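Peer 1: Protein chains in written order, with this note's numbering: chain R, 3 to 100; chain P, -3 to 433. Cβ coordinates follow ideal geometry from the N, Cα and C atoms, glycine included. Every value quoted in this text rests on a predicted model; they were computed, and no experiment measured them.
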């Protein structure tokens, strides 16, 4: 692990962390639950990136497996959210208007 | 070799991080859920993949590289599935389409449901204030010298019929223009007012408000040119007709003018006029328009001058209808009609619309009382329900020659445009003359 790698990893981690801010804003602001589900998906991707960078900075290859796990969970979460959205909107449509 | 690998890994790391951050920015900044999803799926996976590869290279061991490649492969395989299911769910849930609205290939294939999903944000209680004619209109700069004030308008001093001394006949063309011109000339003869035929007002540049900003200025120019040509042609025909109708009339004080101005000079053109007469169905771009989008409707919304919208000119008005809805401006209809001095002998019927709304019954009774005080015969009709039968309503309306309304259209469409009927539009389409005081 040379100085260049540490610097590059730290810089990349800083940039990815900056990216967390707009995604968190979108997650909070919505306005629809579809937006929130997409923001959650994006958060999973950012988590993968941060786990990989943690592996570099901490020097443990094991964190790369964490990244793989986060990617898996993120995929399942996205699919589950999608199912939930479709069902929830079906229920809303069957109720009377307004 | 080792140094080259390190530099490559560092580049991959920083490049991937930058792409991921940009994609996160896209998730926040793009306008609709579908483009946000596209940013998250494509740019996000590309950035994360580069970053993972960079990590694997930086470790340099076979195990790390294999893990990284496996993670990238997994991401590349699953991201399309995940974003597809998310996009499908968003579509079904009724999220706004944004730019995809240009060609909605899924229309009729997937069932789109109610947007959205998040009742706390989307189902806001609608405030009654929004319907008031003073709200949210560009012409609030015009002094309120003509606006019917809700309470003050009921003072008896303000109710003395002021005979119209200047009548503005807007020559905008359309099918009803001839009726409108005749109406203006007849009224001018009856009251001795000066009739001004004005053509060409309201030439605003028409902005291209399409879903995509592609070629915006070109389309704006094109639309402006086209609508300007159409308006000028309509105006020329109407002006010619006006002049031929007034040519032989010696008992009439008639002037014809042509002025091309935008809305900024509107107040100057309308200043001093007591009544503006407009043909029905003339839209702002020289094309026929729905009642809610006519020039007459926007003039009435401005509240600068009472507007008489003419569909046909029956000559003599035998029965007048007052349409009272939920908007506060409906409370000043009787006052406005009395002040205009029109139809001073015709019996008046009051038609309540949406009686269950707060204030409608009170407004109906107040106005009936006011009209009786001024010696008019008043009848109160049974209220029109929100889901009235349109043929019955038209039969009921057919015996009236004139209607007094606060607005030409109150269509809010309801949920997903489910309300097709608008009482005000039905009246505007059925009754020959509409006064918007």
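If you follow the alpha helix (DSSP H) that residue 79/P is part of, which residue opens it and which one closes it?
Peer 2: In the second chain, the residue the question calls residue 79/P occupies position 83. It spans 58 to 88 - the alpha helix (DSSP H) in which residue 79/P sits, taken as one unbroken run.
Peer 1: Let me see if you follow: with CB-CB separation under 8 Å, is residue 279/P close to chain R or not?
Peer 2: For this step, residue 279/P is matched to residue 283 along the second chain. False, the Cβ-Cβ gap to chain R never drops below 8 Å.
Peer 1: Taking the C-alpha atoms as reference points, what is the distance between residue 60/R and residue 40/P?
Peer 2: Here residue 60/R refers to the residue found at position 58 of the first chain. Here residue 40/P refers to the residue found at position 44 of the second chain. Approximately 24 Å, taken between the alpha carbons.
Peer 1: With a cut-off of 8 Å on the beta carbons, I'd call residue 44/R and residue 23/P a contact; round off their distance for me.
Peer 2: Mapped onto the first chain, residue 44/R falls at position 42. Mapped onto the second chain, residue 23/P falls at position 27. Yes, residue 44/R and residue 23/P are in contact; Cβ-Cβ is about 5 Å, under 8 Å.
Peer 1: Would you tell me roughly how many angstroms separate the C-alpha atoms of residue 389/P and residue 272/P, rounded to the nearest one?
Peer 2: Walking along the second chain from the start, residue 389/P turns up at place 393. Walking along the second chain from the start, residue 272/P turns up at place 276. Whole-angstrom Cα-Cα distance: 28 Å.
Peer 1: From the DSSP output, which residues share a beta bridge with residue 308/P?
Peer 2: For the purposes of this step, residue 308/P is identified with residue 312 of the second chain, where counting begins at 1. Paired residue(s): none; residue 308/P is not in a bridge.
Peer 1: Does the separation of the CB atoms of residue 35/P and residue 47/P fall below 8 Å?
Peer 2: Reading the second chain from its first residue, position 39 is the one you call residue 35/P. Reading the second chain from its first residue, position 51 is the one you call residue 47/P. Cβ distance not < 8 Å, so residue 35/P and residue 47/P don't count as in contact.
Peer 1: Determine the direct distance from the alpha carbon of residue 185/P to that of residue 169/P, and round the result to whole angstroms.
Peer 2: As a first step, residue 169/P must be located in the second chain, where it is residue number 173. As a first step, residue 185/P must be located in the second chain, where it is residue number 189. So the alpha carbons of these two residues sit roughly 22 Å apart.
Peer 1: Name, in chain order, the residues that DSSP records as bridge partners for residue 195/P.
Peer 2: For the purposes of this step, residue 195/P is taken as the residue at position 199 of the second chain. In the DSSP output, where bridge partners are listed per residue, residue 195/P has 167/P and 254/P.
Peer 1: Can you pull the chain P neighbours of residue 60/R, defined as C-beta to C-beta under 7 Å?
Peer 2: Counting from 1 along the first chain, the entry for residue 60/R is found at position 58. By Cβ distance, chain P contributes nothing, its closest Cβ being about 12 Å from residue 60/R, past 7 Å.
Peer 1: When DSSP labels each residue in this structure, what does residue 343/P get in the three-state scheme?
Peer 2: Here residue 343/P corresponds to residue number 347 of the second chain, with the count starting at 1. Residue 343/P: coil per DSSP, three-state reduction.
Peer 1: For residue 33/R, which three-state DSSP category applies?
Peer 2: Against the first chain, residue 33/R aligns to sequence position 31. Three-state result, residue 33/R: coil.
Peer 1: Where residue 330/P and residue 167/P are concerned, what is the direct C-alpha to C-alpha distance, given to the nearest angstrom?
Peer 2: In the second chain, residue 330/P corresponds to position 334, counting from 1. In the second chain, residue 167/P corresponds to position 171, counting from 1. Roughly 28 Å separates the two Cα atoms.
Peer 1: For residue 284/P, which three-state DSSP category applies?
Peer 2: By 1-based counting over the second chain, the position of residue 284/P is 288. Three-state DSSP puts residue 284/P in a strand.
Peer 1: Cβ of residue 17/P within 8 Å of Cβ of residue 71/R?
Peer 2: For the purposes of this step, residue 17/P is taken as the residue at position 21 of the second chain. For the purposes of this step, residue 71/R is taken as the residue at position 69 of the first chain. No, Cβ-Cβ distance for residue 17/P and residue 71/R is not below 8 Å.
Peer 1: Which of helix, strand or coil does DSSP assign to residue 389/P?
Peer 2: Locating residue 389/P in the second chain gives position 393, counting from the first residue. Three-state DSSP puts residue 389/P in a helix.
Peer 1: Under 8 Å between C-beta atoms, does residue 11/R make it to chain P?
Peer 2: Within the first chain, residue 11/R is the residue found at index 9, counting from 1. Output row for residue 11/R: interface = yes.
Peer 1: Name the DSSP beta bridge partners of residue 398/P, please?
Peer 2: Translated into the one-based positions of the second chain, residue 398/P becomes position 402. DSSP, once it has assigned bridges, lists 316/P and 429/P as partnering residue 398/P.
Peer 1: Please confirm if residue 75/R has its CB atom under 8 Å from at least one CB of chain P.
Peer 2: By one-based count along the first chain, residue 75/R stands at place 73. Not one chain P Cβ lies under 8 Å of residue 75/R.
Peer 1: Please report whether the beta-carbon of residue 81/P lies at a distance below 8 Å from any beta-carbon of chain R.
Peer 2: Taking the second chain and counting its residues from 1, one reaches residue 81/P at position 85. Closer than 8 Å: yes.
Peer 1: Compute the Euclidean distance between the alpha carbons of residue 222/P and residue 291/P, then round it to the nearest angstrom.
Peer 2: For the purposes of this step, residue 222/P is taken as the residue at position 226 of the second chain. For the purposes of this step, residue 291/P is taken as the residue at position 295 of the second chain. When rounded, the distance between both Cα atoms is 18 Å.
Peer 1: Is there a Cβ from chain R that is less than 8 Å from the Cβ of residue 72/P?
Peer 2: By 1-based counting over the second chain, the position of residue 72/P is 76. Closer than 8 Å: no.
Peer 1: Please report the distance separating the alpha-carbon of residue 372/P from that of residue 320/P.
Peer 2: Along the second chain, read from residue 1 onward, the residue named residue 372/P stands at position 376. Along the second chain, read from residue 1 onward, the residue named residue 320/P stands at position 324. Spanning the two alpha carbons is a distance of roughly 17 Å.
Peer 1: If distances are taken between C-alpha atoms only, which option among 51/P, 311/P, 328/P and 180/P comes closest to residue 270/P?
Peer 2: Taking the second chain and counting its residues from 1, the one referred to as residue 270/P is at position 274. Closest option to residue 270/P, Cα to Cα, is 180/P.
Peer 1: Pull up the distance between the alpha-carbon of residue 234/P and that of residue 194/P, whole angstroms please.
Peer 2: Looking up residue 234/P in the second chain gives position 238. Looking up residue 194/P in the second chain gives position 198. Roughly 10 Å separates the two Cα atoms.
Peer 1: Taking C-beta to C-beta, are residue 174/P and residue 237/P nearer than 8 Å?
Peer 2: Walking along the second chain from the start, residue 174/P turns up at place 178. Walking along the second chain from the start, residue 237/P turns up at place 241. Result yes, Cβ atoms of residue 174/P and residue 237/P sit closer than 8 Å.
Peer 1: Opposite residue 162/P in the DSSP bridges: which residues?
Peer 2: For the purposes of this step, residue 162/P is identified with residue 166 of the second chain, where counting begins at 1. 190/P.
Peer 1: Please check if any C-beta of chain R sits within less than 8 Å of the C-beta of residue 10/P.
Peer 2: Translated into the one-based positions of the second chain, residue 10/P becomes position 14. Cβ-Cβ to chain R under 8 Å: yes for residue 10/P.
Peer 1: When DSSP labels each residue in this structure, what does residue 349/P get in the three-state scheme?
Peer 2: For the purposes of this step, residue 349/P is identified with residue 353 of the second chain, where counting begins at 1. Residue 349/P: strand per DSSP, three-state reduction.
Peer 1: Indicate whether at least one CB of chain R lies closer than 8 Å to the CB of residue 21/P.
Peer 2: Here residue 21/P corresponds to residue number 25 of the second chain, with the count starting at 1. Judged by the 8 Å Cβ criterion, residue 21/P is in contact with chain R.
Peer 1: Chain P partners of residue 30/R, CB-CB under 7 Å?
Peer 2: In the first chain, the residue the question calls residue 30/R occupies position 28. None at all; the shortest Cβ gap to chain P is about 11 Å.
Peer 1: Look up residue 274/P in the DSSP assignment and give the residues it is bridged to.
Peer 2: As a first step, residue 274/P is located in the second chain; it is residue number 278 there, counting from the start. Paired residues: 305/P.
Peer 1: Can you give the Cα-Cα distance for residue 152/P and residue 345/P, rounded to whole angstroms?
Peer 2: Position 156 of the second chain holds residue 152/P. Position 349 of the second chain holds residue 345/P. In this prediction, residue 152/P scores a pLDDT of 44, lower than 50, which makes its location untrustworthy; the coordinate-derived value is nonetheless stated afterwards. Computed Cα separation, rounded: 21 Å.
Peer 1: Measure from the alpha carbon of residue 348/P to the alpha carbon of each residue in 358/P, 395/P, 182/P and 43/P, then state which is nearest.
Peer 2: Here residue 348/P refers to the residue found at position 352 of the second chain. Here the closest residue by C-alpha is 358/P.
Peer 1: Taking one C-beta from the segment 36 to 54 of chain R and one from the segment 65 to 85 of chain P each time, how about it: are there three or more such pairs within less than 8 Å?
Peer 2: Judged by Cβ distances under 8 Å, the segment 36 to 54 of chain R makes contact with the segment 65 to 85 of chain P, as three or more pairs qualify.
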